[in-house]
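Written out below as structure tokens is the structure these notes cover.
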Ligand SMILES: Cc1cc2nc3c(=O)[nH]c(=O)nc-3n(C[C@H](O)[C@H](O)[C@H](O)COP(=O)(O)OP(=O)(O)OC[C@H]3O[C@@H](n4cnc5c(N)ncnc54)[C@H](O)[C@@H]3O)c2cc1C
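In the working numbering, the protein residues as written are 626 to 1024.
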């Protein structure tokens, strides 16, 4: 495995770093305080070619390799991990269409994202089916006219209040069925200019083909406040055959493929948080003096800084290996995707906690970014599968 980036990858990454330094870092603290969804930043990121990295070239997308994608997500998360989560979820919702959709489905469901700065949602989690998604009760069942109707509620769905399209995992026929399907539900296009980004309202979306979608009030969260999270309810939504991705019994297989792709992306977000926490803490401890010396020159503090650096570097190496193996379609890709996610969560939590400690009382103040990072880091160990689920996957392979 070659760790050297190509000239093109370096240029792309430099452009993303400039974007993050110019358009995210200066405003992220004030935006999150105001609970304003940063659709303007999403639009700018789309303009610059930083969104929808998984869309195939056949539909005029970037079809970017996974290592570049992971590095771009890491850089976005360095600026703000909520924005990185929003961007990543677009790919999460669209990757399954790119992987398993027909050419016509790719054209119909992916090209709008190439043409306009739109958001998508990936709808899997339900109130009573989180880590154990086989317990989902969202159901697609044939109605009287012989067409499938989709009913059910999903929770904690990223981008839901602003999504123009929903990728949904659902049981078929009856809730006790061992099979799930993956369906795509396009809705009204929501564009940055038209979106009420400070809105705390529910959204009711009547669908031209029949039925409606209702999104709940945006959730008030501990961290990642610049990502939008809300519930989504599907009420008698008519599903035509061409909205069903692949085989309607193979949804679990498609889900595994998507999560193998998504876990390195979450790891990239974790590494971005860890690196930002390290950089902020280095800067602070180089300036702050106590007992006649810089904090960073005190042996115990330096040991902590070294430990933060080690965790970040290890997590990044695991991320690169996982991205490489998923890109190659290697048989052990799932284990390394889980390893990368766990190590990155550990790095993000460790660096933000120890970084805050090295800021002393100032770290506890909301105006210091390290306190935001500590809040943001918590979710890395939870979404896309909690730590224990990753260990379950690793353990199963080991034994
Ligand atoms: C900000 C945010 C954004 C999200 N975005 C999305 C999204 O876009 N789409 C989507 O579908 N979902 C999304 N989620 C949902 C997320 O993936 C789930 O919250 C997560 O998978 C955990 O499910 P749960 O919350 O139901 O926790 P539970 O499954 O109830 O788990 C609670 C705890 O129980 C323990 N536990 C669970 N299973 C095991 C086990 N097998 N062994 C040992 N201990 C265990 C763990 O300690 C775990 O933390 C999001 C969540 C949040 C908070």
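In this text, a Cβ means the ideal position worked out from N, Cα and C, and glycines have one as well.
Since we're looking at a predicted model, the values are computed, not measured.
May I ask you to report which of helix, strand or coil DSSP gives residue i?
| i | result |
| --- | --- |
| residue 885 | helix |
| residue 910 | helix |
| residue 678 | coil |
| residue 1007 | coil |
| residue 715 | helix |
| residue 828 | strand |
| residue 849 | coil |
| residue 795 | strand |
| residue 683 | helix |
| residue 837 | strand |
| residue 790 | strand |
| residue 1024 | coil |
| residue 896 | helix |
| residue 730 | helix |
| residue 673 | coil |
| residue 1030 | Given a span of 626 to 1024 for the chain in the structure shown, any question on residue 1030 remains unanswerable. |
| residue 1016 | helix |
| residue 641 | helix |
| residue 822 | coil |
| residue 646 | helix |
| residue 660 | coil |
| residue 990 | coil |
| residue 800 | coil |
| residue 973 | helix |
| residue 627 | coil |
| residue 690 | coil |
| residue 651 | helix |
| residue 891 | helix |
| residue 984 | coil |
| residue 842 | coil |
| residue 723 | helix |
| residue 812 | coil |
| residue 875 | coil |
Which same chain residues, not among the five before or five after residue i, have their C-beta less than 7 angstroms away from its C-beta?
| i | result |
| --- | --- |
| residue 927 | 921 |
| residue 665 | 817 |
| residue 681 | 688, 723, 731 |
| residue 1041 | The requested residue 1041 does not occur in the structure, where the chain is confined to residues 626 to 1024. |
| residue 937 | 896, 899, 900, 903, 972, 976 |
| residue 963 | 888, 1015, 1018, 1019 |
| residue 653 | 704, 705, 851 |
| residue 886 | 720, 951 |
| residue 695 | 889, 890, 893, 944, 948 |
| residue 911 | 919, 921 |
| residue 827 | 839, 840, 841, 842 |
| residue 710 | 783, 849, 852, 894 |
| residue 869 | 806, 808 |
| residue 684 | 731, 732, 735, 736, 739 |
| residue 877 | 805 |
| residue 702 | 709, 893, 894, 897, 898 |
| residue 725 | 870, 871, 879 |
Once the 5 residues before and after residue i are set aside, which same chain residues still bring their CB inside 8 angstroms of it?
| i | result |
| --- | --- |
| residue 906 | 930, 933, 976, 979, 980, 983, 984, 995 |
| residue 813 | 789, 830 |
| residue 836 | 774, 775, 859, 860, 861, 862, 863 |
| residue 989 | 981, 996 |
Determine which residues share a DSSP beta bridge with residue i and list them.
| i | result |
| --- | --- |
| residue 774 | 766, 863 |
| residue 854 | 783 |
| residue 870 | 807 |
With a threshold of 6 angstroms on Cβ separation, who are the neighbours of residue i within its own chain once the five nearest residues in sequence on each side are excluded?
| i | result |
| --- | --- |
| residue 662 | 822, 853 |
| residue 802 | 796 |
| residue 644 | 673 |
| residue 642 | 700 |
| residue 669 | 648 |
| residue 634 | 693 |
| residue 986 | none |
| residue 748 | 779, 782, 791, 793, 857 |
Beta strand (DSSP E) runs wholly inside the segment 733-768, at least 3 long, in chain order: Within the segment 733-768, complete beta strand (DSSP E) segments of at least 3 residues are found at 744-748, 764-767, given in chain order.
Within the segment 899-970, ranges of the alpha helix (DSSP H) (whole runs, at least 4 residues): Fully enclosed alpha helix (DSSP H) runs of 4 or longer: 924-953.
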